[in-house]
Amino acid sequence: DTEVTQTPKHLVMGMTNKKSLKCEQHMGHRAMYWYKQKAKKPPELMFVYSYEKLSINESVPSRFSPECPNSSLLNLHLHALQPEDSALYLCASSQKWGGQETQYFGPGTRLLVL
Amino acid sequence: EDQVTQSPEALRLQEGESSSLNCSYTVSGLRGLFWYRQDPGKGPEFLFTLYSAGEEKEKERLKATLTKKESFLHITAPKPEDSATYLCAVKETSGSRLTFGEGTQLTVNP
Numbered sequence: 001d002t003e004v005t006q007t008p009k010h011l012v013m014g015m016t017n018k019k020s021l022k023c024e025q026h027m028g029h030r031a032m033y034w035y036k037q038k039a040k041k042p043p044e045l046m047f048v049y050s051y052e053k054l055s056i057n058e059s060v061p062s063r064f065s066p067e068c069p070n071s072s073l074l075n076l077h078l079h080a081l082q083p084e085d086s087a088l089y090l091c092a093s094s095q096k097w098g099g100q101e102t103q104y105f106g107p108g109t110r111l112l113v114l
Numbered sequence: 001e002d003q004v005t006q007s008p009e010a011l012r013l014q015e016g017e018s019s020s021l022n023c024s025y026t027v028s029g030l031r032g033l034f035w036y037r038q039d040p041g042k043g044p045e046f047l048f049t050l051y052s053a054g055e056e057k058e059k060e061r062l063k064a065t066l067t068k069k070e071s072f073l074h075i076t077a078p079k080p081e082d083s084a085t086y087l088c089a090v091k092e093t094s095g096s097r098l099t100f101g102e103g104t105q106l107t108v109n110p
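Chains as they are written, first to last, in the numbering used here: chain W, 1 to 114; chain X, 1 to 110.
Structure below.
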């Protein structure tokens, strides 16, 4: 099983709303990531969790708040977003084992901020 | 700072017309070079990780190769379903982040 799941698939929210994106993997990966992707651009790293601890925050505005409740789950809490935050939000997980490293992405959540 | 440059930006092929995509990189120490395929509106699909110069990996009509400065993704006898954006990314030995190139948008016409 090489699946990373994300919910919801689509989300429309107003600038005053609070919402959360969810990500789950059951591959035993100990590193999990949030990326933001705009149309026709590559994914941009937002946060990295390693062994359930935040290890990288790419200077992301505080209106994005990540959370890693356990080794299989990753959340991204959204509050007071701006229209320019509309994008595809991707979750990923990775593991290095036996000299081989893989990083799998989920299908993404398409977010529209009105 | 790690840099990844992909070329061409866009490539149109006829079905069956083989070609190659290029990924040039600059990194202080390479931990791995990753290739992904991405369809519109979907998450990137993992294809390969390459680790050292001279390494090659194959999957169906795709073959990835690696040198000390670049990687090639060779597509043999492509089919329309191979149409997608192909992304290359590097991870350096001391880091945990992927640095992506801008991608190559491949279109295969029937």
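Just so you know, even glycine gets a beta-carbon here, dropped at the ideal spot from N, CA and C.
Glu52 of chain W sits in coil when the DSSP states are folded into three classes, being neither helix nor strand. Residue nearest to Ser93 of chain W within the set W:Met32, W:Gly28, W:Leu21, W:Tyr51 is W:Met32 (criterion: CA-CA distance). When the Cα atoms are used, Arg30 of chain W and Val60 of chain W turn out to be separated by approximately 22 Å.
Here Tyr51 of chain W is exposed: its Cβ has fewer than 16 other Cβ atoms, across all protein chains shown, within 10 Å. With respect to the 8 Å criterion, Glu15 of chain X and Lys79 of chain X are classified as neighbours on the basis of their beta carbons. Contact of Gly41 of chain X with chain W is assigned, a C-beta pair being separated by under 8 Å.
Beta-bridge partners assigned by DSSP to His74 of chain X: X:Ser20, X:Lys63.
The count of Cβ pairs closer than 8 Å, one atom from the segment 78-95 of chain W and one from the segment 64-73 of chain X, stays below three, leaving the stretches out of contact. Taken in chain order, the members of the segment 99-114 of chain W whose beta-carbon sits within less than 8 Å of a beta-carbon on chain X are Gly99, Gln100, Glu101, Thr102, Gln103, Tyr104, Phe105, Gly106, Pro107, Gly108, Arg110. Listed along the chain, the chain W residues whose CB falls inside 7 Å of the CB of Gly101 of chain X are Pro42.
For the pair Gly54 of chain X and Pro8 of chain W, the Cα-to-Cα distance works out to about 42 Å.
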